[in-house]
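Everything on this sheet refers to the single structure shown next.
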Amino acid sequence: MNVSICFSGLDLLFRVCAPGGLQHRRKVSIMKYCTCRVAYNVLGILFLQCSLIDKAEWRIHEGRVAELLPNLKDAVNDADDLLDEFRWYELKMEVEGNASHSAFIDFYKTTVQGSFNKVNDIQERLNSISGQLEKMGLYGVTPGFDKSVRPDTTPFPNEKKIFGRDKDQKEVMGFLGVPQSKGRACSKRKRASSAVNASTSTTAQNQVNKSRISAIPVLPIVGMGGVGKTTLAQHICNHQQVKDYFELIIWICADDFDVKRLIKDAIQCASGKQTTVDNLASLQRALSECVSSRRFLIVVDDVWDDALKENEQRWKGFYDSLTNVVQGSMMLVTTRFPDVADRVRTMEPFPLAGLKEDVFWDFFKLCAFGSESSENDPELERIAKSIVPKLKGSPLAAKTLGRLLGMNLHTAHWNNILESELWKLKQEKTDILPALRLSYIYLPFHLKRCFSFCAVYAKDHKFEKGRLAEIWVAEGFVEPQGNTPLEYIGLQYFEDLVNRSFFQKVRGAYVIHDLLHDMAKLVSDHDCFTIKNMRD
């Protein structure tokens, strides 16, 4: 671990304690001298924290390490808070002068020289944890990057292009009733016994058949997390033929199946206006009115099994708001759960599998090497072919791990990833979490803090990079680099995370994939919690 990324206050310390500074102590205020003494100790602790936390996260899957990591973070946060207190006193002294001397001296004696020495207490706690980790074989420096490293390759694959899903896209568009050519409607998917017959008009695409159907047909796309369900749905919504056929396209994210919130989101998407109504029946009527005269497509993305709670009343409460709709209207649902797909469907679910082996290999090479060319390092390709089967055909795993490999085109780095213990974790056949966790573990320490912090935001939250960079600065996650403004450094951090595929750009904003959001919650479980609604 590079020392330069650990010492958040080291520039200040070196300025105050520069050569000759301590030799002329009389010329230095008592305040600064005391601050230097405690800063030296606390910054040493903060350096230790980077090393220890990094090492512990490499073995977080081991029970005892997982138990120690929260204690380690607590001690580190106490050290950081203590350093902040001394910085506050220094600023207070600069503003108030001698009037603050006595208050600071009292604080200093209590904190550093009193019977309960906070600095020593933190140091002892960290030493104890360090000793326990070393007994487990956690010592030395963990692999990683000192700073962001960008290879000389072509840019990351353009998200405007969907890779290896042309056939799937065409089929789903057909099942939605989107005409493929003038005068010929696409074939319909077999409807479930409870389905309502909703044939597509063969009139011109812009002419809406005003006949109505009693309930909207539901087509689920079901597949493992990270397989590309959301991406496929996004590309379908952005397809010109789909936009020509449907007068209105509504997109809502349903990871937390709060019926009122979902209906409010749908109303805002349909009308462009927020609603202050909170009564469920009134909200259902409002949504029905918003879509009553238009043929529309509504996408309900990332539906979990909580939609089926309360004897399926949650789903029913949402679905009942879309009755008596214009014929040809459709609902597209994406979910990881076959049971959810089976319970909400009115037509046969569309199963989305991982990319085919040959297509996935080309995509992985594009992510790792920057091109699909066969003129890559033969040894790296050999290692890559051993890694690829572990990724289960998942485009998300290919992007995140491929970018990690592409940051360092050295055989040792690639072998370290191939031989990681994380691959040995017990997992489902379709689980790609080890690949995502590896991508997180190899992040530089400062990027880990910034990314894990994003767990406090809801899934599908749209990030504005400038605003998020300011928040990282305020939280103390951004490390000073000479005279460079901290906000600019924060923007660099954000771009580094984008380049590593931890953020994806969607319609001018940035989002975190739901599986990566799950991982952020996993690694920040001890540091924060989220209140989603009043029931929490």
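Note that UniProt numbering numbers the sequence shown so that position 165 is 165, with each residue one more than the last.
Just so you know, even glycine gets a beta-carbon here, dropped at the ideal spot from N, CA and C.
The structure displayed is predicted, hence computed values, not measured ones.
Cα-Cα, which of I236, P480 and G226 is closest to S501? Within the sequence shown, numbered from 1, the residue matching residue 501 stands at position 501. Here the closest residue by C-alpha is G226.
Rounded to whole angstroms, what's the CA-CA distance from A520 to P70? Just pull it up for me.
Residue 520 sits at position 520 when you count from the first residue of the sequence shown. Residue 70 sits at position 70 when you count from the first residue of the sequence shown. Computed Cα separation, rounded: 15 Å.
Same chain only: Cβ atoms within 7 Å of residue 539, ignoring 5 sequence neighbours per side: There is no way to answer for residue 539, as the model of the chain reaches only from 1 to 536.
* Identify whether Y442 lies in helix, strand or coil by the three-state DSSP scheme. => Here residue 442 refers to the residue found at position 442 when the sequence shown is read from its first residue. Residue state, collapsed to three classes: coil.
Express the C-alpha separation of I489 and Q481 in angstroms, rounding to a whole number.
-> In the sequence shown, residue 481 corresponds to position 481, counting from 1. In the sequence shown, residue 489 corresponds to position 489, counting from 1. Their backbone Cα atoms lie some 8 Å apart in a straight line.
query = At which residue ranges does the UniProt domain "NB-ARC" (217 to 371) contain complete alpha helix (DSSP H) runs of 4 or more residues, listed in the order of the chain?
reply = 229 to 238, 240 to 245, 259 to 271, 280 to 291, 309 to 319, 338 to 344 and 357 to 369
- Message: Per DSSP, what are the beta-bridge partners of Y510 in this structure?
- Response: Position 510 of the sequence shown, counted from the start, is the residue given in the question as residue 510. Answer is F463 and K505.
**Prompt:** In the structure shown, what three-state DSSP assignment does I471 receive?
**Reply:** Locating residue 471 in the sequence shown gives position 471, where the first residue counts as 1. Helix.
TODO: Tell me, please, whether the region 397 to 405 touches the region 450 to 469 by the rule of three or more beta-carbon pairs shorter than 8 Å.
DONE: no
message = Can you tell me whether F451 sits near the ligand NAD, meaning its C-beta is under 7 Å from at least one heavy atom of the ligand?
response = Looking for the ligand NAD in the displayed structure turns up nothing, as the structure carries no ligands at all.
In three-state terms, what does DSSP make of S452? Taking the sequence shown and counting its residues from 1, the one referred to as residue 452 is at position 452. Here S452 sits in helix by DSSP.
Q. What distance in whole Å lies between the Cβ atoms of V388 and F369, which are believed to be in contact at a cut-off of 8 Å?
A. Counting from one through the sequence shown, the residue named residue 369 turns up at place 369. Counting from one through the sequence shown, the residue named residue 388 turns up at place 388. The Cβ separation is near 13 Å, so there is no contact.
When burial is assigned at 16 or more other CB atoms within 10 Å of the CB, is N238 buried or exposed?
Residue 238 sits at position 238 when you count from the first residue of the sequence shown. That one is exposed.
If we count the other Cβ atoms within 10 Å of its Cβ and call it buried at 16 or more, is S524 buried or exposed?
-> By 1-based counting over the sequence shown, the position of residue 524 is 524. S524 is buried by the Cβ-count criterion.
*Starting from R382, follow the alpha helix (DSSP H) in both directions and report where the run begins and ends.*
Sequence index remark: in the sequence shown, residue 382 carries index 382 (1-based). Per DSSP, R382 belongs to the alpha helix (DSSP H) from P378 to I387.
What separation, rounded to the nearest whole angstrom, lies between the Cα atoms of E247 and C290? Here residue 247 refers to the residue found at position 247 when the sequence shown is read from its first residue. Here residue 290 refers to the residue found at position 290 when the sequence shown is read from its first residue. Distance between the alpha carbons of E247 and C290 is about 12 Å.
* Asked: Within this structure, are the beta carbons of residue 564 and V218 separated by less than 8 Å?
  -> This structure does not reach residue 564, given that the chain is present from 1 up to 536, and the question cannot be answered.
Buried or exposed for W414, going by 16 or more other Cβ atoms inside 10 Å? Here residue 414 refers to the residue found at position 414 when the sequence shown is read from its first residue. The residue is buried, with at least 16 neighbouring Cβ atoms inside 10 Å.
Exercise for review: List the DSSP bridge partners of R212.
Suggested key: Numbered from 1 along the sequence shown, position 212 holds the residue referred to as residue 212. V326.
Near I250, what residues of its chain come up, given a Cβ to Cβ distance below 6 Å and the 5 sequence neighbours on each side ignored?
Counting from 1 along the sequence shown, the entry for residue 250 is found at position 250. The answer, listed in chain order, is A266, C269, A270 and I298.
- Task: Only counting runs of 4 or more residues, tell me where the alpha helix (DSSP H) segments fall wholly within the region 398 to 438, in order along the chain.
- Result: 411 to 418
### Message
Could you give the first and the last residue of the continuous alpha helix (DSSP H) run that contains D496?
### Response
As a working mapping, residue 496 is identified with position 496 in the sequence shown. Here the alpha helix (DSSP H) through D496 covers L486 to N499.
Return the residue from the list F445, E357, S394 and A384 that minimises the CA-CA distance to I417. Reading the sequence shown from its first residue, position 417 is the one you call residue 417. Taking only the C-alpha atoms, the option nearest I417 is A384.
- request: Tell me whether E479 sits in a helix, a strand or coil according to DSSP, three-state version.
  value: Within the sequence shown, residue 479 is the residue found at index 479, counting from 1. Of the three classes helix, strand and coil, the one that applies to E479 here is coil, per DSSP.
**Asked** S321 and Q284: beta carbons closer than 8 Å?
**Response** Stepping through the sequence shown from its first residue, residue 321 is reached at position 321. Stepping through the sequence shown from its first residue, residue 284 is reached at position 284. Their beta carbons are under 8 Å apart, which means S321 touches Q284 by this criterion.
Through-space distance from K505 to D514, alpha-carbon basis: One-based indexing of the sequence shown puts residue 514 at position 514. One-based indexing of the sequence shown puts residue 505 at position 505. D514 and K505: Cα-Cα distance of roughly 14 Å.
Through-space distance from A435 to E381, alpha-carbon basis = Translated into the one-based positions of the sequence shown, residue 381 becomes position 381. Translated into the one-based positions of the sequence shown, residue 435 becomes position 435. About 18 Å.
**Prompt:** Whose C-alpha, out of S211, S128, R449 and P220, is nearest the C-alpha of F337?
**Reply:** If you number the sequence shown from 1, residue 337 lands on position 337. With distances taken between Cα atoms, F337 lies closest to P220.
message = I need the straight-line Cα distance from K264 to K118, nearest angstrom please.
response = For the purposes of this step, residue 264 is taken as the residue at position 264 of the sequence shown. For the purposes of this step, residue 118 is taken as the residue at position 118 of the sequence shown. Their Cα atoms are separated by approximately 50 Å.
Q. According to DSSP, is P179 helix, strand or coil?
A. The sequence position of residue 179 within the sequence shown is 179, counting from 1. The answer is coil: DSSP assigns P179 none of H, G, I, E or B.
C-beta contact flag for L280 and K260 at 8 Å:
For the purposes of this step, residue 280 is taken as the residue at position 280 of the sequence shown. For the purposes of this step, residue 260 is taken as the residue at position 260 of the sequence shown. Yes, the Cβ-Cβ distance between L280 and K260 is below 8 Å.
* By Cβ distance, which residues of its chain are closer than 6 Å to F439, with the 5 residues on each side in sequence left out? -> Here residue 439 refers to the residue found at position 439 of the sequence shown. The residue you asked about is not Phe; residue 439 is Ser in the sequence shown. Around S439: T400, L401 and L404.
Are the CB atoms of G406 and L355 nearer to each other than 8 Å? Here residue 406 is taken as the residue at index 406 of the sequence shown, counted from 1. Here residue 355 is taken as the residue at index 355 of the sequence shown, counted from 1. In this structure, L355 does not lie closer than 8 Å to G406 by Cβ.
Item to complete: Could you tell me how far apart the beta carbons of D339 and D305 are, in whole angstroms, since I believe they sit closer than 8 Å?
Response: For the purposes of this step, residue 339 is identified with residue 339 of the sequence shown, where counting begins at 1. For the purposes of this step, residue 305 is identified with residue 305 of the sequence shown, where counting begins at 1. Correct: roughly 7 Å between the Cβ atoms.
Quiz item: For P485, is the classification buried or exposed, using 16 other Cβ atoms within 10 angstroms of its Cβ as the cut-off for buried?
Solution: Walking along the sequence shown from the start, residue 485 turns up at place 485. Result: exposed.
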